[in-house]
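Asks: Structure below; questions to follow.
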Amino acid sequence: MFEARLVQGNLLKKVLESLKDLLTEASWDCADTGIQLQAMDNSHVSLVSVQLRADGFDKFRCDRQLSMGMNLTSMSKILRCAANDDIITIKAQDQADNVTFVFESPNQEKVADYEMKLMNLDQEHLGIPETDYAAVIKLPAAEFQRIIKDLSQFGESVVISCTKEGVKFSAAGDIGVGNIKLAQTASVDKEEEAVTIEMQEPVTLTFACRYLNMFTKATCLAPQVTLSMSPEVPLVVEYKIGDMGHVRYYLAPKIED
Amino acid sequence: SKKQTSMTHFFAGT
Chain V
297 MFEARLVQGN
307 LLKKVLESLK
317 DLLTEASWDC
327 ADTGIQLQAM
337 DNSHVSLVSV
347 QLRADGFDKF
357 RCDRQLSMGM
367 NLTSMSKILR
377 CAANDDIITI
387 KAQDQADNVT
397 FVFESPNQEK
407 VADYEMKLMN
417 LDQEHLGIPE
427 TDYAAVIKLP
437 AAEFQRIIKD
447 LSQFGESVVI
457 SCTKEGVKFS
467 AAGDIGVGNI
477 KLAQTASVDK
487 EEEAVTIEMQ
497 EPVTLTFACR
507 YLNMFTKATC
517 LAPQVTLSMS
527 PEVPLVVEYK
537 IGDMGHVRYY
547 LAPKIED
Chain P
31 SKKQTSMTHF
41 FAGT
């Protein structure tokens, strides 16, 4: 028996919004520690990793490990039927071929349940080593979204360059060149408005705008986003999910042919 | 010109 109840159901709605453009199907791996998802997009350029810890749920029961393969477009359609203040419960029997989503209004006067077929997905899991990154940049998530949106008008790629002075985002194309520089903030009233840079060595990497734009669908999840970079390895773009987990996107860089 | 790399180029399957 698997059952996970989340009073703050809108977190789950937001997680799905942040995945559905990048992935069409994926497996949710459930264990007594929580729920995890790892999947690459169809072209294997990016990878998404989601963690929802058991202690972040208001009720969590998972008697035996199970992997629930889901069509994320269908799951997203179902979660859109939940109101933002609904309590969401996900339920499945052991070795079941379907999953049930229950949406309760806060006053318990409306209860809806939706059943969805599970899929058998044979997905490749990648081992992601713990890495000390050369540069770790934290900035407001909305600012990052705006930068990527603005620079996407200029070309297909964004160059992210981090030095101790700050971080620079650049794009070039037929209409010209765009550069956006962010300095580390000296002092801010609110922590979530800060730009902070922890740098061991300067790093410059080039990434496809298309994917960065899809990652910014997670902006609704958290006030801040963390970018971790090292020379010639995938970028990590991380958004926290409340205090129960995270969505991490990994993006393979573009390198000299 | 720069070429897009693949995720499997960096991380191995488990």
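Protein chains in written order, with my numbering: chain V, 297 to 553; chain P, 31 to 44.
For glycine and all other residues, C-beta sits at the position ideal for the given N, C-alpha and C.
The model shown is predicted, which means the values in this text are computed figures rather than measured ones.
1) Taking alanine 438(V) as the reference, which of Glu426(V), Thr522(V) and Ser345(V) has the closest Cα?
2) Give the interface partners of valine 521(V) over in chain P, defined as CB-CB distance under 9 Å, in chain order.
3) Can you tell me whether alanine 482(V) is helix, strand or coil according to DSSP?
4) Could you check how far apart the C-beta atoms of tyrosine 507(V) and valine 341(V) are, in whole angstroms? I think they sit under 8 Å.
5) Out of Glu489(V), Leu422(V) and Thr481(V), state which residue places its alpha-carbon closest to the alpha-carbon of alanine 335(V).
6) Give me the Cα-Cα distance between isoleucine 374(V) and arginine 357(V), rounded to the nearest whole angstrom.
7) Going by C-alpha to C-alpha distance, which of Gln332(V), Ser370(V), Met371(V) and Asn380(V) sits closest to glutamine 361(V)?
8) If contacts are defined as beta-carbon pairs under 8 Å, then threonine 369(V) and lysine 316(V) qualify, I think. What distance do you get, rounded to the angstrom?
9) Going along the chain, which residues of its own chain have a beta-carbon closer than 6 Å to the beta-carbon of lysine 536(V), five neighbours each way excluded?
10) Between the Cα of serine 524(V) and those of Cys458(V), Asn475(V) and Ser323(V), spot the shortest distance and give me the residue it belongs to.
11) Between which two residues does the beta strand (DSSP E) containing glutamine 334(V) stretch?
12) So, using beta-carbon positions, are glycine 352(V) and glycine 538(V) closer together than 8 Å?
13) Chain P beta carbons: is any one of them nearer than 8 Å to that of methionine 336(V)?
14) Whole beta strand (DSSP E) runs in the region 373 to 456 of chain V with 3 or more residues, listed along the chain?
15) Report the option in Met37(P), Thr44(P) and Ala42(P) whose CA atom is closest to the CA atom of valine 344(V).
16) Less than 6 Å between C-beta atoms, sequence neighbours within five positions excluded: which residues of the same chain meet that for arginine 512(V)?
17) For glutamate 452(V), which option in Gly469(V), Glu487(V), Met495(V) and Asp381(V) has the closest C-alpha, if you only look at C-alpha atoms?
18) Whether or not the region 318 to 327 of chain V and the region 400 to 417 of chain V are in contact is what I'm after, with contact meaning three or more pairs of Cβ atoms, one per stretch, closer than 8 Å; do they touch?
19) Measuring CA to CA, which of Glu489(V), Val484(V), Lys550(V) and Met540(V) is closest to lysine 355(V)?
20) Does the beta carbon of glycine 469(V) come closer than 8 Å to any beta carbon on chain P?
21) Looking at the unbroken beta strand (DSSP E) that takes in arginine 506(V), where does it start and where does it end?
22) Please decide whether valine 341(V) counts as near chain P, where near means a Cβ-Cβ distance under 8 Å.
23) Once you ignore the five residues that flank lysine 387(V) on each side, which residues in its own chain have a CB closer than 6 Å to its CB?
24) Since isoleucine 551(V) and threonine 35(P) should fall inside the 8 Å C-beta cutoff, what is the C-beta to C-beta distance between them, to a whole number of angstroms?
25) Rounded to the nearest angstrom, what separates leucine 499(V) and asparagine 403(V) at their Cα positions?
26) Classify histidine 39(P) as helix, strand or coil using the three-state DSSP reduction.
27) Within a Cβ cutoff of 6 Å, which residues of the same chain sit near valine 463(V), ignoring the five residues on either side of it in sequence?
Replies: With the structure as the only source:
1) When each option's Cα is compared against that of alanine 438(V), the closest is Thr522(V).
2) Here the premise fails: no neighbours, minimum Cβ distance about 20 Å.
3) Three-state DSSP puts alanine 482(V) in coil, outside helix and strand.
4) Between valine 341(V) and tyrosine 507(V) the Cβ distance is about 6 Å, and since that is below 8 Å, they are a contact.
5) Measuring from the Cα of alanine 335(V), the nearest candidate turns out to be Leu422(V).
6) Rounded to the nearest whole angstrom, the C-alpha separation of isoleucine 374(V) and arginine 357(V) is 22 Å.
7) Nearest of Gln332(V), Ser370(V), Met371(V) and Asn380(V) to glutamine 361(V), Cα basis: Gln332(V).
8) So it is a contact: roughly 6 Å between Cβ atoms.
9) Answer for lysine 536(V): Ala518 and His542, listed in chain order.
10) The residue among Cys458(V), Asn475(V) and Ser323(V) with its C-alpha nearest the C-alpha of serine 524(V) is Cys458(V).
11) Following the DSSP letters along the chain, one finds glutamine 334(V) inside the beta strand (DSSP E) bounded by residues 330 to 336.
12) Against a cut-off of 8 Å, the Cβ pair of glycine 538(V) and glycine 352(V) comes out as a contact.
13) By this cut-off, methionine 336(V) is an interface position.
14) 383 to 388, 394 to 400, 407 to 413 and 431 to 436, all fully within the region 373 to 456 of chain V.
15) The candidate whose alpha carbon is nearest that of valine 344(V) is Met37(P).
16) Note that residue 512(V) corresponds to threonine in the displayed sequence, not to arginine. The residues are Gln441 and Ile444.
17) The residue with the shortest Cα to Cα distance from glutamate 452(V) is Gly469(V).
18) Judged by Cβ distances under 8 Å, the region 400 to 417 of chain V makes contact with the region 318 to 327 of chain V, as three or more pairs qualify.
19) The shortest C-alpha separation from lysine 355(V) is found at Met540(V).
20) Glycine 469(V) does not count as touching chain P.
21) Not the beta strand (DSSP E): arginine 506(V) falls in the alpha helix (DSSP H), residues 505 to 511.
22) Closer than 8 Å to some Cβ of chain P, the Cβ of valine 341(V) qualifies, so yes.
23) The residues are Glu299 and Thr396.
24) Yes, isoleucine 551(V) and threonine 35(P) are in contact; Cβ-Cβ is about 6 Å, under 8 Å.
25) Reading off the sequence shown, one finds valine at residue 499(V), where the question assumed leucine. Put simply, the backbone Cα of valine 499(V) is about 52 Å away from that of asparagine 403(V).
26) In the three-state DSSP reduction, histidine 39(P) falls in the helix class (H, G or I).
27) Only Ile433 and Leu478 meet the Cβ criterion.
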